[in-house]
Amino acid sequence: MSAIAKVYKWELLKLTAQKRTYLGVGAAILVPIAFVVALSIQKGGPNDIPLGRNIRDTGLATPFVVLFFMSFWAFPLITALVAGDIVASESHNGTLKTILTRSRQRGQVFAGKALAVITYTAVVVFAMAAVGLVAASIKWGFKPLTSLSGTKIAAGHSLGLLVASLAVYLLPLIGIACFGLLLSTITRNSAASVVGTLMFALLMQLIGALPGTEPIRPYLLSAQFSAWHGFLRTPADWTPVIRATWLCLLYIAVPLVGAYLVFLRRDVAGD
Amino acid sequence: MSDAIPAATPVIARDLVKRYGEIVAVNHVDLTVEAGDVFGYLGPNGAGKTTSLRMLLGLIRPTEGSIRLFGRDPVAEGAAALDGVAGFVEGPRFYPYLSARRNLRLLADYDDRAARTRIDEMLELVDLHTRADDRVGGYSHGMRQRLGIAASLLRAPRLLLLDEPTTGLDPAGMRDMRALVKRLANEGITVLLSSHLLSEVEELCNRVAIIRSGRIVYAGELADLMATATGGYRLSCTDLDRGHAIGLAQPGILDLRVDGGALCFSAEPGDVAELTIALGEARVGITALVAEKATLEELFLGLTEGDAPELAEPVLVEAAA
Ligand SMILES: Nc1ncnc2c1ncn2[C@@H]1O[C@H](COP(=O)(O)OP(=O)(O)OP(=O)(O)O)[C@@H](O)[C@H]1O
Ligand SMILES: [Mg+2]
Chain A
1 MSAIAKVYKW
11 ELLKLTAQKR
21 TYLGVGAAIL
31 VPIAFVVALS
41 IQKGGPNDIP
51 LGRNIRDTGL
61 ATPFVVLFFM
71 SFWAFPLITA
81 LVAGDIVASE
91 SHNGTLKTIL
101 TRSRQRGQVF
111 AGKALAVITY
121 TAVVVFAMAA
131 VGLVAASIKW
141 GFKPLTSLSG
151 TKIAAGHSLG
161 LLVASLAVYL
171 LPLIGIACFG
181 LLLSTITRNS
191 AASVVGTLMF
201 ALLMQLIGAL
211 PGTEPIRPYL
221 LSAQFSAWHG
231 FLRTPADWTP
241 VIRATWLCLL
251 YIAVPLVGAY
261 LVFLRRDVAG
271 D
Chain B
1 MSDAIPAATP
11 VIARDLVKRY
21 GEIVAVNHVD
31 LTVEAGDVFG
41 YLGPNGAGKT
51 TSLRMLLGLI
61 RPTEGSIRLF
71 GRDPVAEGAA
81 ALDGVAGFVE
91 GPRFYPYLSA
101 RRNLRLLADY
111 DDRAARTRID
121 EMLELVDLHT
131 RADDRVGGYS
141 HGMRQRLGIA
151 ASLLRAPRLL
161 LLDEPTTGLD
171 PAGMRDMRAL
181 VKRLANEGIT
191 VLLSSHLLSE
201 VEELCNRVAI
211 IRSGRIVYAG
221 ELADLMATAT
231 GGYRLSCTDL
241 DRGHAIGLAQ
251 PGILDLRVDG
261 GALCFSAEPG
271 DVAELTIALG
281 EARVGITALV
291 AEKATLEELF
301 LGLTEGDAPE
311 LAEPVLVEAA
321 A
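Protein chains in written order, with the working numbering: chain A, 1 to 271; chain B, 1 to 321.
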């Protein structure tokens, strides 16, 4: 375990030394700020999306609403930016041979990388929510939130629901991250992996929008981005949350295991 | 010795094959490097040196064959088999956005605890301590090459695998690199060094394997290889035509030809003596007789060029024999 921990530590340090990490985190922070600024200077609001109607009632609504907006391509792109690069950049720099001829096993190196990608994904989501919450609360106050069932939820309790929602929201995003990790391992090309991962996320949405796909829609990865709605009903609706949990574990496990097996066996020649 | 190979033999590779589709990059290669050797792995471009070293380091899987490094199998055990082994293939590579020191810290954390304590010493050894906190992205080729050595030595290896360590270095850099390799060898580190520079191998190595198109065409002591350099002779005499005729009639005088006003041939020393006597008896005066030893360069070209490796058969000496 300590071997993986050391690899993980250095994967995080490497991320903090790379521009694209800041690009991703920066974008995740800027979106909610831009959102609050835009709503401050204009009258209308996102009335037809969940919690959008009450956006100016409390700062607590903003992170939820931005989650919705960013689920289409912003978060998938921000995630892919790092996930698609994490192995490919080693290929690009030729450093795989450098680290794979030390004492750490390939599996340990891979585990460290996977953990780092998941950590980054969690950081961007939580950073967006934290910044959105603070910015919006400064503007509109930290007041009770109107739930999707129309009831008022105390501000403190709403904060707890926000954290739970972020955790559930993370699941499909980690699924996307693992797909990016797989592409990164197979293609050895950062740009191809980033684009491919984004295409994967968009394809899921496209399938969900086609006529005749109704029976499978609840099982698409993209549909799991709204599983947190269950938390904002009174009483809480666990059905989408539970479905998102097991489905996403599959969406995570399949590419993750695939990438692991490829990474374990692949030839490192010229990378 | 053959059936009780000691576990401590640094490198034993048997029947190594690596295929890339149609290309057979390495074709049934056997390599044995004994403790204390400075082993030269010689071959022209594309011969399969790097591919062989990649297999030894566990970076690529052999299509066929087996490898033991100090008795351990890098194919089956992965990095665990590299205990006591360090080195690099092609140019050493580092994270360009990290400083040399941070790169070494990272690599030390990929090794045992003690590695970290050696970082400053190693930076000093390769003369990079004044630039240690600069990003490696701004390093020159020679600096990277030296950092590669430092990174390898962090592991306190007993076996060092170096792929053309002096390629791309300036004369002073080459000299320093060779001096370093000598010094490490003197400290007891076994070195396997690939190269296409004969002078380098001549200077550093006690044993060599020569690879050509994926096949080993010579393996053994460097001294033995030099000894097999069939002696050529140049003889100038007062009557070239008669001298030529006498030479043709003389047993043991091979490849006789007239070249640049002299007779050129190869022969055993005894037969040369007989020839001089025969010439003397025929009153053909000898004005010069020069022995021309084939250089390692010529041997190398002889072994690695042409359609068939002609010289390969007579000089093939099994390494472990
Ligand atoms: N990853 C690869 N994919 C396909 N072919 C390869 C690969 N690596 C090496 N080869 C081929 O294998 C052969 C041997 O290459 P290798 O790099 O081992 O030669 P080398 O002896 O190191 O040459 P050099 O002195 O130029 O470094 C070449 O024909 C090369 O094209
Ligand atoms: Mg090479």
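Built from N, CA and C at the ideal position, the CB exists for glycine as well.
These numbers were taken from a predicted model, which means no experiment stands behind them.
- Task: Flag I153 of chain A as yes if its beta-carbon sits less than 8 Å from any beta-carbon of chain B, otherwise no.
- Result: no
- Does ligand 2 have even one heavy atom less than 7 Å from the beta-carbon of E214 of chain A? no
- Rounded to whole angstroms, what's the CA-CA distance from G58 of chain B to I99 of chain A? Just pull it up for me. Rounded to the nearest angstrom, the two C-alpha atoms are 12 Å apart.
- For V7 of chain A, count neighbouring C-beta atoms within 10 Å of its own C-beta (all shown protein chains included) and say buried if the count is 16 or more, exposed if not. buried
- Message: Considering just the uninterrupted stretch of the alpha helix (DSSP H) at E121 of chain B, what are its terminal residues?
- Response: I119 to L125
- Query: Are the CB atoms of A13 of chain B and G48 of chain B nearer to each other than 8 Å?
  - Reply: No. Outside cutoff.
- Query: Under 7 Å Cβ-Cβ, which residues of chain A neighbour F94 of chain B?
  - Reply: Chain A residues near F94 of chain B: T95 and T98.
- Task: Tell me F88 of chain B's beta-bridge partners as DSSP assigns them.
- Result: B:L162
- Message: Rounding to the nearest angstrom, what Cα-Cα distance links T119 of chain A and A223 of chain A in this structure?
- Response: 22 Å
- Item | Residue from B:D111, B:A115, B:E200 and B:T238 with nearest C-alpha to T287 of chain B | B:T238
- Going by alpha carbons, who is nearest to R183 of chain B out of B:I211, B:V38 and B:R234? B:V38
- Kindly indicate if chain A contains any beta-carbon less than 8 Å away from that of I60 of chain B. yes
- Report whether the distance from the Cβ of E221 of chain B to the nearest heavy atom of ligand 2 is below 7 Å. no
- By Cβ distance, which residues of its chain are closer than 6 Å to S158 of chain A, with the 5 residues on each side in sequence left out? L60 and L145
- Any idea what DSSP makes of A219 of chain B, helix, strand or coil? strand
- If you check the beta carbons only, do T190 of chain B and L159 of chain B fall under 8 Å apart? yes
- Task: Flag this pair as touching only if the stretch 65-73 of chain B and the stretch 213-232 of chain B have three or more C-beta atom pairs under 8 Å; answer yes or no.
- Result: These segments do not touch.
- Query: For T50 of chain B, is the beta carbon positioned less than 7 Å from some heavy atom of ligand 2?
  - Reply: yes
- Query: Hey, would you say V29 of chain B sits closer than 8 Å to P10 of chain B, going by beta carbons?
  - Reply: no
- Query: What do you get for Y219 of chain A, buried or exposed, if any count of 16 or more other CB atoms within 10 angstroms of its CB means buried?
  - Reply: exposed
- Task: Let me know if E310 of chain B comes out buried or exposed under the rule of 16 or more other beta-carbons within 10 Å of its beta-carbon.
- Result: Since pLDDT at E310 of chain B reaches only 41, below the 50 mark, its modelled position is unreliable, and no value is offered.
- Step through the CB atoms of chain A and report whether any lies within less than 8 Å of the CB of V89 of chain B. yes
- To the nearest angstrom, how far is it from the Cα of L12 of chain A to the Cα of D109 of chain B? 14 Å
- Residues that F300 of chain B bridges to, as DSSP identifies them: According to DSSP, F300 of chain B bridges with nothing at all.
- Examine chain A for any beta-carbon lying closer than 8 Å to the beta-carbon of V33 of chain B, and answer yes or no. no
- Task: Identify the contact partners of G78 of chain B in chain A, using a Cβ-Cβ distance below 7 Å as the criterion.
- Result: For G78 of chain B, the chain A residues whose Cβ falls inside 7 Å of its Cβ are Q105 and R106, in order along the chain.
- Query: In this structure, does DSSP put L256 of chain B in helix, strand or coil?
  - Reply: strand
- In angstroms, rounded to a whole number, what distance separates the CA positions of V317 of chain B and R72 of chain B? Here the model assigns V317 of chain B a pLDDT of 40, short of 50, so the residue's position is not dependable, and the following value carries that caveat. About 26 Å.
- Query: Do you know how far the Cα of A244 of chain A is from the Cα of I252 of chain A?
  - Reply: Distance from the CA atom of I252 of chain A to the CA atom of A244 of chain A, rounded to whole angstroms, is 11 Å.
- Please check the pair A269 of chain A and R54 of chain B, which I expect to be a contact at CB under 8 Å, by giving their CB distance rounded to whole angstroms. 6 Å
- Is it right to say S165 of chain A is buried, meaning 16 or more other beta carbons lie within 10 angstroms of its own, or is it exposed? buried
- Do G87 of chain B and V208 of chain B come within 8 Å of each other at the CB atom, strictly closer than that value? no
- Taking a Cβ distance cut-off of 7 Å, strictly less, list which residues of the stretch 237-270 of chain A are near chain B, in chain order. D267, V268 and A269
- Taking 8 Å as the CB-CB limit, is R188 of chain A close to chain B? no
- Query: Can you list, in chain order, the residues of the stretch 99-112 of chain B whose Cβ is nearer than 7 Å to any Cβ on chain A?
  - Reply: L106, L107, D109, Y110, D111 and D112
- Reference A79 of chain B, options A:T16, A:L96 and A:A5, closest by Cα: Ranking A:T16, A:L96 and A:A5 by Cα distance to A79 of chain B puts A:L96 first.
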